[in-house]
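**Student:** Below you'll find the structure I mean.
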Amino acid sequence: MNKDRKRLVMEWYETYYDDIYRFILFMLGDKQCCEDFVHDTFVRAYTAYDRFDQRSNVKTWLFSIAKHLVLDEIRKRKRRRLFSMNLMERDIPSSFNVEQMIEHKEAVTHLLTAIQQLKPNYRIVILLKKVEECSTKEIAQILDWSEAKVRKTLSRAMKSLRKINGLEGGGHVEKTF
30 MNKDRKRLVM EWYETYYDDI YRFILFMLGD KQCCEDFVHD TFVRAYTAYD
80 RFDQRSNVKT WLFSIAKHLV LDEIRKRKRR RLFSMNLMER DIPSSFNVEQ
130 MIEHKEAVTH LLTAIQQLKP NYRIVILLKK VEECSTKEIA QILDWSEAKV
180 RKTLSRAMKS LRKINGLEGG GHVEKTF
């Protein structure tokens with residue numbers, strides 16, 4: 030059984046590493062510790078494998094584990110501003126359109142900086158919905174919230190993001206994603 034569990038978790042690692050890495054990187058804005066948190070996510074998945082009851086898909090479950098690790102870290106750091114402008118130096122696999130990212134690099138950098146100023150729940154919802162392109166249902170499963178709460182929190186998060194960016198209409202924020 031342990032051999033099968035190890036093989037399965039390694040398959041998950043190969044499949045979901047980039048998604049989990051990107052999520053943690055955008056949440057913490059700290060490349061230095063990102064690898065450790067990705068590793069910890071898969072170690073916890075391995076040790077908690079018996080509690081994975083298949084109610085959600087594997088990706089949703091892994092994001093849920095990563096979310097708990099990230100929120101614990103954010104609490105430990107007491108909301109210090111961690112975002113580094115060097116974030117855009119490394120190629121990060123993403124669902125972003127590469128041409129759009131190059132064309133709007135300054136806007137994207139400004140947007141990511143603004144996202145780091147949001148409270149953690151807002152940050153999580155925006156990143157899962159707009160960057161990771163999770164459905165409302167998947168986000169609800171990851172966060173253990175109702176779908177209505179996800180929609181309401183996303184709406185509030187986008188409003189806060191527009192306020193940080195000084196944009197009333199907010200069309201520019203959505204276009205950057």
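All residue numbers for the sequence shown refer to this note's numbering, where the first residue is 30 and numbers rise by one.
Don't be surprised by glycine CBs; every beta carbon is placed ideally from N, CA and C.
(1) Within its chain, find whatever has a CB closer than 7 Å to the CB of L98; leave out the 5 residues flanking it on each side and keep chain order.
(2) Within 10 angstroms of the Cβ of Q83, are there 16 or more other Cβ atoms? Answer buried if so, exposed if not.
(3) Kindly indicate which three-state DSSP category W174 falls into: helix, strand or coil?
(4) Taking the Cβ atom as the reference point for each residue, do A186 and V179 lie within a distance shorter than 8 Å?
(5) Have a look at T142 and K96 and give me their C-alpha separation to the nearest angstrom.
(6) What three-state label does DSSP hand M117 in the structure shown?
(7) Residues in the same chain with beta-carbon distance under 8 Å from D173, minus the five sequence neighbours each way, listed in chain order, please.
(8) Find the nearest neighbour of A74 within the set I53, L147, R34, H139, judged by alpha-carbon distance.
**Tutor:** This is what the structure gives:
(1) F66, D69, T70
(2) exposed
(3) coil
(4) no
(5) 20 Å
(6) Residue placement at M117 is poorly supported in this model, since its pLDDT is 47, which falls under 50; the coordinates are not used for a value here.
(7) S93
(8) R34
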